[in-house]
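J.:
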Ligand SMILES: [Zn+2]
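Numbering (the working numbering), first residue to last: 388 to 718.
(1) Check for me: the beta strand (DSSP E) holding residue 628 runs from which residue to which?
(2) What residue range does the beta strand (DSSP E) around residue 540 cover?
(3) In angstroms with no decimal places, state the Cα-to-Cα distance between residue 576 and residue 687.
(4) Have a look at 483, 489 and 599 and flag the residue whose alpha-carbon is nearest the alpha-carbon of residue 429.
(5) Judging by CA-CA distance, which residue of 636, 680 and 656 is the nearest neighbour of residue 667?
(6) Counting by C-beta, which residues lie closer than 5 Å to a heavy atom of ligand 1, in chain order?
(7) Once you ignore the five residues that flank residue 481 on each side, which residues in its own chain have a CB closer than 6 Å to its CB?
(8) Kindly say whether residue 640, judged by its beta-carbon, lies nearer than 8 Å to any beta-carbon of chain D.
(9) Given the structure, does residue 680 come close to ligand 3, in the sense that its CB is under 7 Å from one of the ligand's heavy atoms?
(10) Taking the alpha carbon of residue 595 as the point to measure from, which residue in 628, 397, 520 and 390 has its own alpha carbon closest?
(11) I need the DSSP call for residue 704, collapsed to helix, strand or coil.
(12) State the DSSP-derived secondary structure class of residue 717, mapped to helix, strand or coil.
(13) Output yes or no for whether 8 Å exceeds the beta carbon distance between residue 698 and residue 660.
(14) Could you tell me the distance, in whole angstroms, from the CA atom of residue 717 to the CA atom of residue 549?
(15) What is the residue span of the beta strand (DSSP E) that residue 495 lies within?
(16) Which residues bound the alpha helix (DSSP H) around residue 652?
(17) Return the residue from the list 393, 684, 665 and 406 that minimises the CA-CA distance to residue 607.
(18) Just the Cα atoms here: how many angstroms apart are residue 504 and residue 649?
(19) Among residues of its own chain, excluding the 5 on either side of residue 691, which ones have a beta-carbon nearer than 6 Å to its beta-carbon?
(20) Since residue 602 contacts residue 670 with CB under 8 Å, what's their CB separation in whole angstroms?
(21) Closest by CA to residue 565, which one among 411, 654, 439 and 713?
(22) Thinking just about the alpha-carbon of each residue, which of 460, 640, 545 and 651 is nearest to the one in residue 614?
(23) So, using beta-carbon positions, are residue 498 and residue 485 closer together than 8 Å?
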């Protein structure tokens, strides 16, 4: 049974918005572009992990959590957690292409791409061991005694590994069911009631990770962002308010909903709260009333009155705005 499905990839959505708005001349533009690629690969890998659990039917009572964020002696994030009366199994996805080599003298992973490019990464055993330890602490704090296992999943079955570590279990996606079945052959360490307690505690302890606003997270000054309303048709920020919506100065395209992405960008990148004047500046709109109508039409929660009114969006609100924006654009 899947208790918690994969979350919306907020970090990726936010980073894509950041790169769209960050001035290309900014010294950290290339780094942020690279961040998008790494995060996108991670999201693709996690999707693959989800699909293994959707396709494969596991026997016996078991529970699956995707994207679980917990806190014990430190905050930790688990890509997938399989829980049964036999124990808890952590699965971490590493979507790193190329030939993989584990140097003995360093806690690193070296990968070599077909074009000869060599990159170093932290050895996945470091994160896996840390997460196992933090999860053990988390169970211990709740007087739950449950064995914790873990493996790192690499998505490409044809990938070559050299000098793998004894303390690191590496799996390809199709090997996951076999690995879990082996663990299920162990004698149970929990009864059915204790298992329910574990599942309930995990569900209620999870906190959605909020990476926003990204300018704060990545220490980039909001002045380094292009302001304005984005035109999808010609990839520019030249949309201006027209009678019912937005018209592009550059290509003439019309989009009634273009402000939605701009407001979402503000919440994801600049600040969790905005005043009417912040929106006017960010969207290049002069009319106080137009902005007030836009904000009201989007049902963004607010506090305060008149010019002191603040519109704020936490993660749930950002999720709603993002979903509304997608629905608006597909219809
Ligand atoms: Zn345009």
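Glycine included, every Cβ here is placed at the ideal spot set by N, Cα and C.
Predicted model only: the values in this text are computed from it and were never measured.
T.: Reading from the atomic positions:
(1) In the chain shown, the residue the question calls residue 628 occupies position 241. Residue 628: member of the beta strand (DSSP E) spanning 623 to 629, first to last residue.
(2) Position 153 of the chain shown, counted from the start, is the residue given in the question as residue 540. Taken as a continuous stretch (DSSP letters only), the beta strand (DSSP E) holding residue 540 covers 535 to 540.
(3) On the chain shown, residue 576 is found 189 positions in, with the first residue counted as 1. On the chain shown, residue 687 is found 300 positions in, with the first residue counted as 1. For residue 576 and residue 687, the distance between alpha carbons rounds to 48 Å.
(4) For the purposes of this step, residue 429 is identified with residue 42 of the chain shown, where counting begins at 1. Ranking the options by Cα distance to residue 429, first place goes to 483.
(5) Walking along the chain shown from the start, residue 667 turns up at place 280. Cα-wise, what sits closest to residue 667 is 680.
(6) In chain order, the qualifying residues are 618, 620, 621, 635, 637, 638 and 640.
(7) Mapped onto the chain shown, residue 481 falls at position 94. 511, 539 and 541, listed in sequence order.
(8) The question asks about chain D, but that chain is absent: this structure has only one protein chain.
(9) Ligands displayed in this structure: ligand 1; ligand 3 is not among them.
(10) As a position in the chain shown, residue 595 is number 208, starting the count at 1. Nearest option by C-alpha distance: 397.
(11) Residue mapping note: residue 704 aligns to position 317 of the chain shown, counting from 1. Note: residue 704 maps to helix in three-state DSSP.
(12) Counting from one through the chain shown, the residue named residue 717 turns up at place 330. With a pLDDT of 47 at residue 717, under the threshold of 50, the modelled position of that residue is not reliable, and the figure given next carries that caveat. Note: residue 717 maps to helix in three-state DSSP.
(13) Counted from its first residue, the chain shown places residue 698 at position 311. Counted from its first residue, the chain shown places residue 660 at position 273. Yes. Within cutoff.
(14) What you label residue 717 is simply residue 330 of the chain shown in a count that begins at 1. What you label residue 549 is simply residue 162 of the chain shown in a count that begins at 1. Here the model assigns residue 717 a pLDDT of 47, short of 50, so the residue's position is not dependable and the matter cannot be decided.
(15) Walking along the chain shown from the start, residue 495 turns up at place 108. That run of the beta strand (DSSP E) goes 495 to 499.
(16) By 1-based counting over the chain shown, the position of residue 652 is 265. Start and end: 645 to 652.
(17) What you label residue 607 is simply residue 220 of the chain shown in a count that begins at 1. Of the candidates 393, 684, 665 and 406, the one whose C-alpha sits nearest the C-alpha of residue 607 is 406.
(18) By 1-based counting over the chain shown, the position of residue 504 is 117. By 1-based counting over the chain shown, the position of residue 649 is 262. Whole-angstrom Cα-Cα distance: 37 Å.
(19) Here the question's residue 691 lines up with position 304 in the chain shown. Taken in chain order, the residues that qualify are 697.
(20) As a working note, residue 602 is residue 215 in the chain shown. As a working note, residue 670 is residue 283 in the chain shown. About 17 Å; that fails the 8 Å criterion.
(21) Taking the first residue of the chain shown as position 1, residue 565 is located at position 178. Of 411, 654, 439 and 713, the residue nearest in Cα terms is 439.
(22) Within the chain shown, numbered from 1, the residue matching residue 614 stands at position 227. For the residues 460, 640, 545 and 651, the minimum Cα distance to residue 614 belongs to 651.
(23) Within the chain shown, residue 498 is the residue found at index 111, counting from 1. Within the chain shown, residue 485 is the residue found at index 98, counting from 1. Yes, the pair counts as a contact, with Cβ atoms nearer than the cut-off.
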